[in-house]
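I have placed the structure first, in the form of structure tokens, so that the comments after it can refer back to it.
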Amino acid sequence: MLRKRHPPAGSKPGTLMIHECSESPVIRVMKYNPDKLEEFENVNACELTALLDDNSVCWVDVQGLGDEPVLREIAEKFSIHLLALEDVVNVPQRPKIEHFEGHTLCITRMVLSNHVGIRPEQVSLFLGKNFVLTFQERAGDVFDPVRQRIRNLGKIILSAGPSYLTYALLDAVIDGYYPLLEKFGEQLEALEDQIVANPRPENLPQIHGIKRDMLTIRRAIWPQREVINEMIRDENPLITDNVRVYLRDCYDHCVQLMDGVETYRELAGGLMDVYLSSVGNRQNEVMKVLTIMATIFIPLTFLAGIYGMNFDVMPELKMPWAYPVLLGVMGATAIGMILFFRRKGWLGRGESETPSILPKGDRM
Amino acid sequence: MLRKRHPPAGSKPGTLMIHECSESPVIRVMKYNPDKLEEFENVNACELTALLDDNSVCWVDVQGLGDEPVLREIAEKFSIHLLALEDVVNVPQRPKIEHFEGHTLCITRMVLSNHVGIRPEQVSLFLGKNFVLTFQERAGDVFDPVRQRIRNLGKIILSAGPSYLTYALLDAVIDGYYPLLEKFGEQLEALEDQIVANPRPENLPQIHGIKRDMLTIRRAIWPQREVINEMIRDENPLITDNVRVYLRDCYDHCVQLMDGVETYRELAGGLMDVYLSSVGNRQNEVMKVLTIMATIFIPLTFLAGIYGMNFDVMPELKMPWAYPVLLGVMGATAIGMILFFRRKGWLGRGESETPSILPKGDRM
Amino acid sequence: MLRKRHPPAGSKPGTLMIHECSESPVIRVMKYNPDKLEEFENVNACELTALLDDNSVCWVDVQGLGDEPVLREIAEKFSIHLLALEDVVNVPQRPKIEHFEGHTLCITRMVLSNHVGIRPEQVSLFLGKNFVLTFQERAGDVFDPVRQRIRNLGKIILSAGPSYLTYALLDAVIDGYYPLLEKFGEQLEALEDQIVANPRPENLPQIHGIKRDMLTIRRAIWPQREVINEMIRDENPLITDNVRVYLRDCYDHCVQLMDGVETYRELAGGLMDVYLSSVGNRQNEVMKVLTIMATIFIPLTFLAGIYGMNFDVMPELKMPWAYPVLLGVMGATAIGMILFFRRKGWLGRGESETPSILPKGDRM
Amino acid sequence: MLRKRHPPAGSKPGTLMIHECSESPVIRVMKYNPDKLEEFENVNACELTALLDDNSVCWVDVQGLGDEPVLREIAEKFSIHLLALEDVVNVPQRPKIEHFEGHTLCITRMVLSNHVGIRPEQVSLFLGKNFVLTFQERAGDVFDPVRQRIRNLGKIILSAGPSYLTYALLDAVIDGYYPLLEKFGEQLEALEDQIVANPRPENLPQIHGIKRDMLTIRRAIWPQREVINEMIRDENPLITDNVRVYLRDCYDHCVQLMDGVETYRELAGGLMDVYLSSVGNRQNEVMKVLTIMATIFIPLTFLAGIYGMNFDVMPELKMPWAYPVLLGVMGATAIGMILFFRRKGWLGRGESETPSILPKGDRM
Amino acid sequence: MLRKRHPPAGSKPGTLMIHECSESPVIRVMKYNPDKLEEFENVNACELTALLDDNSVCWVDVQGLGDEPVLREIAEKFSIHLLALEDVVNVPQRPKIEHFEGHTLCITRMVLSNHVGIRPEQVSLFLGKNFVLTFQERAGDVFDPVRQRIRNLGKIILSAGPSYLTYALLDAVIDGYYPLLEKFGEQLEALEDQIVANPRPENLPQIHGIKRDMLTIRRAIWPQREVINEMIRDENPLITDNVRVYLRDCYDHCVQLMDGVETYRELAGGLMDVYLSSVGNRQNEVMKVLTIMATIFIPLTFLAGIYGMNFDVMPELKMPWAYPVLLGVMGATAIGMILFFRRKGWLGRGESETPSILPKGDRM
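Protein chains in written order, with our numbering: chain F, 1 to 364; chain P, 1 to 364; chain C, 1 to 364; chain H, 1 to 364; chain V, 1 to 364.
If you want it as structure tokens, here you go:
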């Protein structure tokens, strides 16, 4: 939950907490202008400045945060503030945007779904006049479609400058949440069907788990919405006006995701009520069976007990028709009980009298 | 819930996701000025510009989103931004308003009730200087009364320009929610009556369903309220001042709908409590019957058991009046128990002592 | 709940929905200035303009909304906008204030308590330079004290112009909610006493009913507060500055009513908990009686069953002191059980150890 | 709750509702400047103006609201608006501040704790250029320490003018809530201890009572916070700048009280959960005892019943070792059951495995 | 909760409440500039002014609040307002920032974890042009790393002036909350595991305790966030612009802590539901065992009771095969019951059909 790698209390600001199992940084550079595209793999940190060039956009992508000197060298090359570097390395930070001289820092969190499960990862993005510098915790990201668009020499992206690239990356991050939410939606529907039909004790931690995950996703998306909103509103010269139109689209997606998260949270809360009540209904049924059995047989057993007594003088015992009469009385008592229960509505079950007005498949 | 047709993460903005079973677009045009009304069915996309004319209002109504080239052609004719077209096609979007050069995009969601059920559908409306362009997902809408008013050569609508037509369409969309909410109101009242009288397990998913639907309707109406509010407040030259008065009326309707939705949600929440408690009351009654039967007969059965023992020396067995005395003791015990339960209030049921002050039919 | 009389979806704005059982409008006029008071009953709509006069205040009171031509004629005489007339007739509307040229429309909702119950009714008030025009749904209102003050030739009211009359009418409307809320307060206290002492199944719908009514009253008062607030803040030349002081007083009353409504809602919510828990406590008690009876007698009955068996070789049966010994063992078992239950605290009931610090009558 | 003494609906504004058992007003005056202090008891209302003097501060303290002519005379002497006087007399009003020409009205609510309980009372304070005029409902207040400071010729208070006196009185009112809240805190802690150890039915109305009282105290303090805040922010020439520093301190106390009230409300809500669950736990225990007893003895009693039957041919009855064997079987069955219950965890009770990390006495 | 040491109601402002067991103040001074560092232990209050010097930063650290004359002397030396001194001494105050002429007061609350538990303590900090003056309740604090950085002659801290020192101290206070929250996180996870596996009555007060502690921590952090925010926004000349960048970092940490606290609160609330429901599930299981045992054996015992009766004429008793037939019937009845229960799903337990989509270790 709150596993921020924070330096010991009171440390000097700018202290980097490199986790021992972090991957070594691998630097990839894509340098493009409307006419030309160059790609460099495994660039050395000290060569970075040489690549920058006023007529091209340079996307420097650093994957892995495991080597402090390299990170410090990159920071120095791009004049990154110590505190900004600390936010890049001491993950996870809350998504936020911060302006420094010459560049803007934008921290977001992406989710990666692969064969083993979901993996959240912080992406720190620096937007400069002619570069975009991204830091990722590990190799592997959601940016391949963006790379593909550049390699396909997409007109818009090649000619639109670094702020458009920033938008494209943010949009890829936000889009990555849709499949996740859809999975939760399916899970909720499956749970609902099961709980109404046959609630089970394990449903409870499942609902709790969904509520917890919604809480976490909300905590991830909410500040990203703020980040994008601030990008749109700010008088930041690094962001061009036509990119703001695109960012507005991205903002809409964030709002839609938040809408979905809130809806799922409320639905999960409602499911909890349905679960609790379904369990109560089943317990009710158990109680009814017990009550019916006990109530029918307890008086009959008492009657049998009476005539099992050994008193010398019990005139009924001598009468030849007493036994069949008693059996008759017992049968009548039992039938009376059953009729009483049926009148109470505890036996037999009618049909629902309030059929749903809206057929299920048609809900909005 | 979140079944937005979104392109694969990281796609180029403007990618259209045409669903394979979408209907082919059918274009209808109504062109009118205070003096004249012309209607064109099945217009070809390439003829559209020819129809536009500065002295008339042109309502271009596109029903069906199934043909990408046609849609792109229409977009080109009306200089629609790529992102705007994406919002039109990749339904459902959150209702919103967006301003572009030369026109304003307004996305709303209407509900259609027909014989098979409720069907929500996105309506995307472009308001230009001399045209209104609407996109609908399928044939069939709530706009027939508006068409009728135009065909009747209604004075106000024919002379009031495209912004009045926009208002009329939005108003028809909003009005379409009233019958829906009224149905839910009736359903809630029926549920309430049933739950107080005789709660049933199937009431629970019904309440849950109403809460879920209220959530969905709120998510549809809330942003539409914002859309209309922004229309009223904005300095948009496309909207004339006298239309703003009408939009205020439309805004009032939205607020009233939201009021209703919120009230129904709180009522549904309250019904859940009533349901749970009614179920508890019935279980209580079951328990009481069990307790009364068991408590009365268990000691009696024990007494009968005592005198069913086979000890050689049990002096009572020899006494001739022992049997009737025991029967008397048993009867007295039973009567004592019954009196005890009556004193506890478990037997017999009094009248309500707190009659409601407000007679039901008169509630506000 | 949402029984607004709304015209069919998509109708022309300004369509009036006259309910077939609406009363015919009866027009009463009070015309006064500091020197003179004239009253006219059953005025004809077409004579109204003749009565207006710059040196007097004219209160035109229309009771009954059942005749469309008359209403349209009045509207025409006072230049009332079509949409405003629609709001007057298609009741109930949400309370609101709206400014038109030459007059201000203010829609409020009054409650009338009479011998048969509570009746809510919309009052629509137009404030002009020299007139106040009110529309009511039916005959009978809460304005008699205001009329009395005018007839008594009260100095303040006769000399203070139409905006003071508006204030006086609004104040009468707001004051009408106090007795209603007081009744609910008494009902809540009675319910609380009964629920603590002896909860009954019918208490549940009663609590639910109070919560529902509070919801409705809140929906009525909240927008009226906004109406009055806007009157105070607005630069409306029709409202004189010294009337604003009085409106502030009226606003305070609204806030106080809202306070009361919110408090009652929270109290009703708390009562629900108390009710549920009281029911749980009683069920607990039922369970304890069952458990005690069963636990005491079940082993004893077993013992009796043992010696009721017919084995040939059961040496105890031959011993002469076996029967009294067994009875003794049974008694000892029963006493042991009772002591065990007493230790568990299931038998006997102590005194409360946490007496309330604040005596009940002294609560704030 | 809402026992505001309000005049009949529609009365003339300024109508005073004198309660028949109100005390007669007793007027006390303290007049001081840095050099001199004069005190007057039982001043006559008509002499008041003579006492005012530009070089001294005059604190006119009116205790008792039972005599309308006297109150009206005081109001006239100090040029108090009719509506202001109405707020003074028709208690209780919501705490508020209002500015009139020449003076400011500030309505607060103090709590008095004496031997019989808590008594809330409205204090209405008028702050003028050279006077402070306070109205109280009855004799007895929380202002004695302020009087003492004046009598002790405290330097600050004697030289600081009427706005400092106003602060001192408000501060005394606010400070009076601390002991009240502390009592509630102790009550909550006692309740918590008792509920965890041994929940009782009477705890429920106690929790409900605390929640209700918190609601009432919040309604009293919240608007007082607003009153003081407005005093600090307003450009009121009657309040000197150095007094604003003191008012800020007073504001901090209000915020701290609100903090406490909110915390207590949430704690009381949590206690309700703990209570309900503790009751559930105890019921669980009752159920377990019943289940264990019944489950062990029911099959044994059945076995005994078998061999109590009177069939002629029951070979087991003749076998001499059948009786001891049956007893053995019965014992084995019972032991098996007990082991089964122990495995289920229904018998015996382990130690808590999650000891609290924070020792109780050290909570923040 | 609300154990603020407040003077008796109505006391003169500035009254100090010295607790009898407060420690005597011990004054430590660190005086440094980029070139030089001097440390003084146990400084006498009257020597303090001599140490101040325009070219150095002087950190005066007062530990212990037990001696009123010393405190008043320090206050006088630094021209501290009486009300400010009251806030320093009458702990605990709500964290806040206040500006006085020549210095700014900033009240925060730190948490100290040591071997015996958690100890909250108020730190009052005065920031002046060339000094920082801190007051602590007792010896022992979280500032040792800051002292160490100064002693290590850290370049940034030595050259950055008193506002940087203020930041460093605030940052140390905020960082002290991280380990505390991490402990709570671990506790919550342990509780969750235990409650799902095996809920125990003692879990309930544990959850309640966590909720209560979260409430308290929130009340401590929330106003500190406001304090830092105001520092960043204010035009305070005592805070240099480059320090604002650092404060922004500190503000981020506060927001992150609040995020965590809110999440833990919601999780604890969810755990309460899981607990209650788990308890309900177990009770359900108890009920089922009881019902199954009773339902199976009650009819069998009745049958045995029938043939234990002593009627003279009971033909079945004479039939030689009646006994084995009856035993067969009894066995068949029991098996029938068991099959019925199995069909009801009360016997045997299937596998979960809705496995969680997200593996637990991978949650975000």
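C-beta atoms are modelled at their ideal positions from N, C-alpha and C, and glycine is treated no differently.
**OP:** Would you list, in sequence order, the uninterrupted alpha helix (DSSP H) runs of no fewer than 4 residues that lie entirely inside the stretch 120–193 of chain C?
**Re:** 144–151, 155–159 and 161–175
**OP:** Could you pull the start and end residues of the alpha helix (DSSP H) that H208 of chain F belongs to?
**Re:** N203 to R233 is the extent of the alpha helix (DSSP H) around H208 of chain F.
Original post:
Can you find a CB in chain C that lies within less than 7 Å of the CB of D193 of chain P?
Top reply: no
**OP:** Measuring only between beta-carbons, confirm whether I357 of chain F sits less than 7 Å from chain V.
**Re:** Annotation note: pLDDT 41 at I357 of chain F (below 50); position unreliable, coordinate value reported separately. No - not a single Cβ of chain V is within 7 Å of the one on I357 of chain F.
Original post:
In chain H, what lies closer than 7 Å to V274 of chain C by C-beta?
Top reply: L204, P205 and H208
**OP:** Figure out for me which residue from F:P120, F:I118, F:V173 and F:E121 has the closest Cα to the Cα of D144 of chain F.
**Re:** F:V173
**OP:** Reducing DSSP to helix, strand and coil, say where N242 of chain H ends up.
**Re:** In the three-state scheme derived from DSSP, where H, G and I count as helix and E and B as strand, N242 of chain H is classed as helix.
Original post:
Residues in its own chain within less than 7 Å of V255 of chain P by CB, not counting five upstream and five downstream?
Top reply: R225
Subject >> Closest Cα partner of K77 of chain V within the set V:R200, V:L83 and V:L52 >> reply: V:L52
Subject >> Chain-ordered neighbours of E121 of chain H on chain V, where CB pairs are closer than 7 Å >> reply: Correct list: empty, because the minimum Cβ distance to chain V is about 15 Å.
Subject >> Strand pairing of S113 of chain C, partner residues [DSSP] >> reply: Bridge partners of S113 of chain C: C:I118.
Original post:
Can we say the stretch 233–253 of chain C touches the stretch 161–170 of chain C, given the rule of at least three CB pairs closer than 8 Å?
Top reply: yes
Subject >> Those residues which DSSP pairs with V29 of chain P across a bridge >> reply: Its beta-bridge partners are P:F40 and P:V60.
**OP:** Measure the C-alpha to C-alpha separation of Y264 of chain C and M214 of chain C and round it to an integer number of angstroms.
**Re:** Straight-line spacing of the CA atoms in Y264 of chain C and M214 of chain C works out to 7 Å.
**OP:** Closer than 8 Å, Cβ to Cβ, to anything on chain C: give me those residues from the stretch 223–251 of chain P, in chain order.
**Re:** V245, Y246, R248 and D249
Subject >> Same chain, Cβ closer than 7 Å to L153 of chain P, neighbours up to 5 away in sequence not counted >> reply: The answer, listed in chain order, is L37.
Original post:
In three-state DSSP terms, what is I18 of chain C?
Top reply: coil
Original post:
List, in order along the chain, the chain P residues whose C-beta lies closer than 8 Å to that of N55 of chain F?
Top reply: Here the premise fails: no neighbours, minimum Cβ distance about 24 Å.
Original post:
If you measure from the beta carbon of R218 of chain H to each beta carbon in chain C, is any gap under 7 Å?
Top reply: no
**OP:** Please confirm if the stretch 133–141 of chain F is in contact with the stretch 193–210 of chain F, defined as three or more CB-CB distances below 8 Å between the two stretches.
**Re:** Output reads no: the stretch 193–210 of chain F does not touch the stretch 133–141 of chain F.
Subject >> Endpoints, alpha helix (DSSP H) assigned at F100 of chain H >> reply: Counting along the chain, F100 of chain H falls outside any alpha helix (DSSP H), though it belongs to the beta strand (DSSP E) covering K96 to F100.
Subject >> Test: G292 of chain C CB closer than 7 Å to a CB of chain H >> reply: Strictly speaking, residue 292 of chain C in this sequence is Ile, with Gly absent from that position. It does not: the Cβ of I292 of chain C has no partner Cβ on chain H nearer than 7 Å.
Original post:
To the nearest angstrom, how far is it from the Cα of S24 of chain P to the Cα of R149 of chain F?
Top reply: 30 Å
**OP:** Leaving out five residues on either side along the sequence, give the residues of the same chain with a beta carbon under 8 Å from the beta carbon of S356 of chain P.
**Re:** Residue placement at S356 of chain P cannot be trusted, given a pLDDT of 43 that sits under 50; what the coordinates show is reported in the next sentence. Same-chain partners within the cutoff: there are none.
**OP:** For chain C, find out if any of its Cβ atoms is closer than 7 Å to the Cβ of L347 of chain H; answer yes or no.
**Re:** For L347 of chain H, the answer is no, since every Cβ of chain C falls outside 7 Å of its Cβ.
Original post:
Taking Cβ positions, are V91 of chain H and Q122 of chain H nearer each other than 7 Å?
Top reply: yes
Original post:
What are the boundary residues of the alpha helix (DSSP H) that includes K77 of chain P?
Top reply: E68 to K77
**OP:** Return no unless some Cβ of chain V is closer than 7 Å to the Cβ of M314 of chain H.
**Re:** yes
Original post:
Beta-carbon of M214 of chain H versus every beta-carbon of chain V: anything under 7 Å?
Top reply: no
Original post:
Residues of chain V with CB under 7 Å from P95 of chain F, in chain order?
Top reply: Under a criterion of Cβ atoms nearer than 7 Å, no residue of chain V is adjacent to P95 of chain F; the nearest Cβ is some 11 Å distant.
**OP:** Quick one: list the residues of chain H neighbouring L83 of chain V, beta-carbon separation under 9 Å, in chain order.
**Re:** V245, Y246, R248 and D249
Original post:
Would S277 of chain F be called buried (16 or more neighbouring beta carbons within 10 Å of its own) or exposed?
Top reply: buried
Original post:
Exposed or buried, D252 of chain P, counting other C-beta atoms within 10 Å across all chains shown (16 or more means buried)?
Top reply: buried
**OP:** Leaving aside the five residues before and after E316 of chain P along the sequence, list all residues of the same chain whose C-beta is less than 6 Å from its C-beta, in chain order.
**Re:** A322
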